[in-house]
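Undergrad: Its first residue numbered 23, the sequence shown is counted upward by one per residue in my numbering. For every residue, glycine included, the Cβ atom is placed at its ideal position computed from N, Cα and C.
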Amino acid sequence: MRTLLITGPGGSGRTTVAAATAVAAALSGVRTLVLSADRTDSLGAVLGTATGATPVQVREGLTAWRPDATAGFRDDLAAFQQRAANVLDLLGASRLDAEEVTPLPGAEELTLLRALRDAALSERHDLLVVDLPPTPQALALLALPEELRRYLRRLLPPERQAARALRPMLGRLAGVPMPSEWLYETAARWDMELAAVEAVVTDRNTVVRLVAEPGPAGADAVRSAGLALALRGLRPDVLVANRVLPEQAHDTWLAGPAAQQRKALEEWQETYDVRPVRHLGHDPRGTDDLAALTAPGVEEATSAVEWSVADRLADDGVSRVFVWHIPLPGAIRDELDLIRRGDEIVVTAGQFRRIVPLPSALRRCTVAGAALRDGELCIRFAPDPDLWPETR
């Protein structure tokens, strides 16, 4: 199953493009599911069919789904209270009723990720089109499974579960209560669910697509989004230039906006596969309008970008060095920062940051330098004599 993740700056028309892409795929005979987690039914407004917690068939071959974050959050809280019943009773804590629960920040994101996992594992569709939130929130959403799994491993390392039989004895010796079995079981279940979501996001059949309106604001947003995606090891397969004005506008008051659009399109074409989507002259509503947009199809492309490690000789021709190549198009040298922390490296590019586990070979090395060349960050590593086996 192919998964297409569509995002873009707020107001760029990403929901419209997601819906148009789904309609085009369905018209070509592809069984398609379009997924959104927007609180307001903007997807339903574009499709002309209300969407909600129950998947609805928009037309033959096209289904739309907008999962309910409130219901999912209530179910998760009820399950948590059930598992932690003994601890809550010991503390004298009163239980929360489902009717008084409202979703906390982040509940919508987790609901969308869970729906993304469930839909990707389903065999009822050939294509999953996901209407992601605006770019900043979408990037945080894509990073969430990796970050949460990292937090879980730090807070409750899996290797500690091996001592579960000794936990009561250790608790008596230490004089403090040890983590309960349910806590480790819950952490393990969360880790499995997050791993399943992460597998969908990083799968070679998952593609990220950017939508932007050509112009000064759109150009800035695309530059920022491209860098943030690169830091996640992703690159958009297509940049959809939405609401492109007709070229015949040069004799009207639209001449200025049309000229701005042409300039942005020329810049984007140097870096991306740009697919223009024309302006209809009105807001698209219904499947007929969406079909008229001629949204780009889903080619056999991938968004994954390889972070490769090269093994070569140093400048002295004798010493061995490893160079980790990290593509970061649009990065600015003064806004880059690197920190080695144990077996991880913290990469910061402007307002974006990622903590990445080092490849196994580099864990036995020390950082020997770094440079930014032609949109690629090159980090040099030298083998640590205390950790690297001697060669004869």
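For PRO31, count neighbouring C-beta atoms within 10 Å of its own C-beta (all shown protein chains included) and say buried if the count is 16 or more, exposed if not.
TA: Position 9 of the sequence shown, counted from the first residue, corresponds to residue 31. The residue is buried, with at least 16 neighbouring Cβ atoms inside 10 Å.
Undergrad: Flag this pair as yes or no: are the beta carbons of ALA42 and LEU315 separated by less than 8 Å?
TA: The count along the sequence shown starts at 1 and reaches residue 42 at position 20. The count along the sequence shown starts at 1 and reaches residue 315 at position 293. Yes, the pair counts as a contact, with Cβ atoms nearer than the cut-off.
Undergrad: Between which two residues does the beta strand (DSSP E) containing GLU130 stretch?
TA: As a working note, residue 130 is residue 108 in the sequence shown. First-last for GLU130: 129-143, but that is the alpha helix (DSSP H), not the beta strand (DSSP E).
Undergrad: Helix, strand or coil for ALA59 per DSSP?
TA: Here residue 59 corresponds to residue number 37 of the sequence shown, with the count starting at 1. In this structure, ALA59 counts as coil in the three-state DSSP scheme.
Undergrad: Does the region 46-58 touch the region 240-256, meaning 3 or more C-beta pairs lie closer than 8 Å?
TA: Result no; under three Cβ-Cβ pairs closer than 8 Å.
Undergrad: With DSSP as the reference, label GLY391 as helix, strand or coil.
TA: As a first step, residue 391 is located in the sequence shown; it is residue number 369 there, counting from the start. In the structure shown, GLY391 sits in a strand (DSSP, three-state: E or B).
Undergrad: With DSSP as the reference, label ARG284 as helix, strand or coil.
TA: The sequence position of residue 284 within the sequence shown is 262, counting from 1. DSSP places ARG284 in the helix class (H, G or I) of the three-state scheme.
Undergrad: Distance check for ASP359 and GLY372, CA to CA, integer angstroms please.
TA: On the sequence shown, residue 372 is found 350 positions in, with the first residue counted as 1. On the sequence shown, residue 359 is found 337 positions in, with the first residue counted as 1. Rounded to the nearest angstrom, the two C-alpha atoms are 9 Å apart.
Undergrad: So for TRP346, helix, strand or coil by DSSP?
TA: As a first step, residue 346 is located in the sequence shown; it is residue number 324 there, counting from the start. Note: TRP346 maps to strand in three-state DSSP.
Undergrad: Could you tell me the distance, in whole angstroms, from the CA atom of GLY391 to the CA atom of PHE403?
TA: Counting from one through the sequence shown, the residue named residue 391 turns up at place 369. Counting from one through the sequence shown, the residue named residue 403 turns up at place 381. Each residue's Cα considered, the two are about 7 Å apart.
Undergrad: Is the separation between the beta-carbon of GLY70 and that of ARG265 shorter than 8 Å?
TA: As a first step, residue 70 must be located in the sequence shown, where it is residue number 48. As a first step, residue 265 must be located in the sequence shown, where it is residue number 243. The answer is no: Cβ separation not under 8 Å.
Undergrad: Answer with buried or exposed for GLY193, where buried requires no fewer than 16 other C-beta atoms within 10 angstroms of its C-beta.
TA: Counted from its first residue, the sequence shown places residue 193 at position 171. Unreliable placement is indicated for GLY193, whose pLDDT of 48 sits below 50; the coordinate value is still reported in the next sentence. The residue in question, GLY193, is exposed, as its Cβ has fewer than 16 Cβ neighbours within 10 Å.
Undergrad: With ASP359 as the anchor, note down where its alpha helix (DSSP H) starts and where it stops.
TA: Position 337 of the sequence shown, counting from 1, holds the residue named residue 359. Segment 358-363 is the beta strand (DSSP E) holding ASP359; no alpha helix (DSSP H) there.
Undergrad: Could you tell me whether the Cβ atoms of LEU232 and PRO351 are closer together than 8 Å?
TA: Looking up residue 232 in the sequence shown gives position 210. Looking up residue 351 in the sequence shown gives position 329. Contact flag unset, no.
Undergrad: Based on Cα-Cα distance, which residue from ALA326, PRO318 and GLU288 lies nearest to ARG297?
TA: By one-based count along the sequence shown, residue 297 stands at place 275. That would be PRO318, whose Cα lies nearest to the Cα of ARG297.
Undergrad: Drop a sphere of 10 angstroms on the beta-carbon of ASP311, count the other beta-carbons inside from all chains shown, and report buried for 16 or more, exposed for fewer.
TA: Residue 311 sits at position 289 when you count from the first residue of the sequence shown. With 16 or more other Cβ atoms within 10 Å, it is buried.
Undergrad: For ASP153, does the count of other Cβ atoms within 10 angstroms reach 16, so buried, or fall short, so exposed?
TA: In the sequence shown, the residue the question calls residue 153 occupies position 131. Buried, by the Cβ-count rule.
Undergrad: Between which residues of its own chain and VAL80 is the CB-CB distance below 6 Å, once the five residues before and five after are set aside?
TA: Taking the first residue of the sequence shown as 1, we reach residue 80 at position 58. Closer than 6 Å at Cβ, skipping near neighbours: LEU69, THR71 and ALA86.
Undergrad: Taking the alpha carbon of THR293 as the reference point, which residue from HIS147, ARG257 and PHE374 has its own alpha carbon closest?
TA: Residue 293 sits at position 271 when you count from the first residue of the sequence shown. Here the closest residue by C-alpha is ARG257.
Undergrad: Using a Cβ-Cβ cut-off of 7 Å (strictly less than) and excluding sequence neighbours within five positions of LEU394, which residues of its own chain qualify?
TA: Your numbering for residue 394 matches position 372 in the sequence shown. Taken in chain order, the residues that qualify are ALA353, ARG355 and LEU358.
Undergrad: In the DSSP assignment, what residue or residues form a beta bridge with THR370?
TA: Counting from 1 along the sequence shown, the entry for residue 370 is found at position 348. The partner list for THR370 (beta bridge, DSSP) reads ASP359 and ARG375.
Undergrad: Quick one: using the 10 Å Cβ neighbour count with 16 as the cut-off for buried, is ASP259 buried or exposed?
TA: Position 237 of the sequence shown, counted from the first residue, corresponds to residue 259. So ASP259 counts as buried.
Undergrad: Which stretch, first to last residue, makes up the beta strand (DSSP E) that contains ASP153?
TA: By one-based count along the sequence shown, residue 153 stands at place 131. Per DSSP, the continuous beta strand (DSSP E) segment holding ASP153 begins and ends at 149-153.
Undergrad: When the Cα atoms are used, what is the spatial distance from ARG36 to GLN159?
TA: Position 14 of the sequence shown holds residue 36. Position 137 of the sequence shown holds residue 159. Going from the Cα of ARG36 to the Cα of GLN159 covers about 13 Å.
Undergrad: Excluding the 5 residues preceding and the 5 following LEU380 in the sequence, name in chain order all residues of the same chain whose CB lies nearer than 7 Å to its CB.
TA: Here the question's residue 380 lines up with position 358 in the sequence shown. The residues are ASP365, GLU366 and ILE367.
Undergrad: What do you reckon, is the C-beta of ARG139 under 7 Å from a heavy atom of the ligand GTP?
TA: Absence of the ligand GTP is noted for the structure shown, with no ligands found whatsoever.
Undergrad: Are there 16 or more other CB atoms within 10 angstroms of the CB of PRO179, so buried, or fewer, so exposed?
TA: Here residue 179 is taken as the residue at index 157 of the sequence shown, counted from 1. A residue is called buried once 16 or more other Cβ atoms fall within 10 Å of its Cβ, and PRO179, having fewer, is exposed.
Undergrad: Based on the DSSP secondary-structure assignment, which residues constitute the bridge partners of ILE28?
TA: Within the sequence shown, residue 28 is the residue found at index 6, counting from 1. Answer by DSSP bridge pairing, in chain order: ASP153 and ARG231.
Undergrad: Between LEU149, ALA162 and VAL222, which lies nearest to ARG136 when the distance is taken from Cα to Cα?
TA: For the purposes of this step, residue 136 is identified with residue 114 of the sequence shown, where counting begins at 1. In terms of Cα proximity to ARG136, the closest of LEU149, ALA162 and VAL222 is VAL222.
Undergrad: State the start and end residues of the unbroken alpha helix (DSSP H) segment that holds ALA46.
TA: For the purposes of this step, residue 46 is taken as the residue at position 24 of the sequence shown. Run containing ALA46: 36-49, per the alpha helix (DSSP H) assignment.
Undergrad: Sorted by chain position, which residues of the same chain lie with C-beta nearer than 7 Å to HIS347's C-beta, five sequence neighbours on each side aside?
TA: The sequence position of residue 347 within the sequence shown is 325, counting from 1. Contacts found: TRP329, SER330, ALA332, GLU398 and CYS400.
Undergrad: Excluding the five sequence neighbours on either side, which residues of its own chain have a C-beta within less than 6 Å of the C-beta of VAL198, listed in chain order?
TA: As a working mapping, residue 198 is identified with position 176 in the sequence shown. Model confidence at VAL198 stands at a pLDDT of 45, short of 50, so the residue's coordinates are unreliable and nothing is read from them.
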